[in-house]
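Asker: Could you have a look at this structure, given as structure tokens, before my questions?
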Amino acid sequence: MEERDDCTTHRIAVLSDTHGLLRPEIKEVLATCELILHGGDINSQRILDKLREIASVYVVRGNNDKEWAADLDNELDITLFGLRIYMVHNKKHRKKDFSETDLFIYGHSHKYEEKTVDGVMFLNPGSCGPRRFRQPVTMAVLEIEERTGAWRIQKIDLTESGENKDDRLLQGINEGNLKSTVETIVREMCAGRKVEQIAKKLGADSEFVEQVCRIYVTHPGVSAQGIVDKMEVSALFERK
6 MEERDDCTTH
16 RIAVLSDTHG
26 LLRPEIKEVL
36 ATCELILHGG
46 DINSQRILDK
56 LREIASVYVV
66 RGNNDKEWAA
76 DLDNELDITL
86 FGLRIYMVHN
96 KKHRKKDFSE
106 TDLFIYGHSH
116 KYEEKTVDGV
126 MFLNPGSCGP
136 RRFRQPVTMA
146 VLEIEERTGA
156 WRIQKIDLTE
166 SGENKDDRLL
176 QGINEGNLKS
186 TVETIVREMC
196 AGRKVEQIAK
206 KLGADSEFVE
216 QVCRIYVTHP
226 GVSAQGIVDK
236 MEVSALFERK
């Protein structure tokens, strides 16, 4: 009879807000885990399919997961290796009763958060999708020991290093014309222009244009200043 290994530690990937992007370095981390928990805003069936090729996935629907995600749950209560986990995309929509919950996982804000509230661990793994300039690229790995049931959370920070890339993204743009540039990008996008066409016309970096367009699409009604704030781009001029 084969002896059971009670020293096993289960590794579970926790991520959120991939927004249509699955980075190679994220896939490397996922490959070391046996399960994946996703806090929503996947943005496409294609990304979800890629995740399922790596490991089994538990996922909740985010506010940007549209018609294709109609069958996804808005919230989940699951138990993994004895740990009681509750998931919802926006923590404002969480359930009221946490008496049967050990770990609460959510997303939406794109900002990593890890805190204990009334004995329950609150975890937002942040965003590991398209980076909003200086905002970190993060996820987490949950480890659960088979024998003791003890568990811990490891923050994974994959923020792109180097400020030169930020400088490149602002090519042809200065603080004085930033808002008007964003307004022009939005107008051009609404007129049916492609990212490459807009970037060439404005002499701007295509990744900057793409991020503006993405935020405009995923945040209906957002103003040009709201886009600038969400990209946190103003802070880049402060260090110049």
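Its first residue numbered 6, the sequence shown is counted upward by one per residue in the working numbering. Virtual Cβ for every residue (Gly too), placed ideally from N, Cα, C.
Can the beta-carbon of Lys100 be found closer than 9 Å to that of Glu80?
Answerer: In this structure, Glu80 lies closer than 9 Å to Lys100 by Cβ.
Asker: Look at Asn38 and Ile52 and say whether their C-beta atoms are less than 9 Å apart.
Answerer: Per the sequence shown, the amino acid found at residue 38 is Cys instead of Asn. Going by C-beta atoms, Cys38 is not nearer than 9 Å to Ile52.
Asker: Compute the distance between the beta-carbons of His113 and Asn68, then report whether it is under 9 Å.
Answerer: Their beta carbons are under 9 Å apart, which means His113 touches Asn68 by this criterion.
Asker: By how many angstroms is the C-alpha of Ala204 removed from the C-alpha of Tyr91?
Answerer: Cα to Cα, the separation comes out at about 43 Å.
Asker: Exposed or buried, Thr13, counting other C-beta atoms within 10 Å across all chains shown (16 or more means buried)?
Answerer: It counts as exposed.
Asker: If you run the structure through DSSP and keep just helix, strand and coil, what is Leu53?
Answerer: If DSSP states are grouped into helix, strand and coil, Leu53 belongs with the helices.
Asker: So Lys96 and Tyr111 are in contact, right, with Cβ under 8 Å, and what is the actual spacing, rounded?
Answerer: Indeed they touch by this definition, with Cβ atoms about 4 Å apart.
Asker: Tell me whether Thr189 sits in a helix, a strand or coil according to DSSP, three-state version.
Answerer: Correct three-state label for Thr189: helix.
Asker: Less than 9 Å separating the beta-carbons of Ser211 and Pro130?
Answerer: No, Cβ-Cβ distance for Ser211 and Pro130 is not below 9 Å.
Asker: Arg9 to Ala209, Cα distance in whole Å?
Answerer: Confidence at Arg9 is low in this model, with a pLDDT of 46, below 50, so the placement of that residue should be treated as unreliable; the coordinate-derived value is given next. Roughly 59 Å between the two C-alpha positions.
Asker: Quick one: what's got a C-beta closer than 8 Å to Lys120's C-beta in the same chain, skipping five residues either side?
Answerer: Same-chain partners within the cutoff: Met126 and Phe127.
Asker: What number of angstroms, rounded off, separates the C-alpha of Arg219 from the C-alpha of Gly134?
Answerer: Approximately 12 Å between the Cα atoms of the pair.
Asker: If contacts are defined as beta-carbon pairs under 8 Å, then Gly44 and Val65 qualify, I think. What distance do you get, rounded to the angstrom?
Answerer: About 6 Å separates the two Cβ atoms, so the contact holds.
Asker: Assuming Ile203 is part of the alpha helix (DSSP H), what are its boundary residues?
Answerer: Unbroken alpha helix (DSSP H) run through Ile203: Val200 to Leu207.
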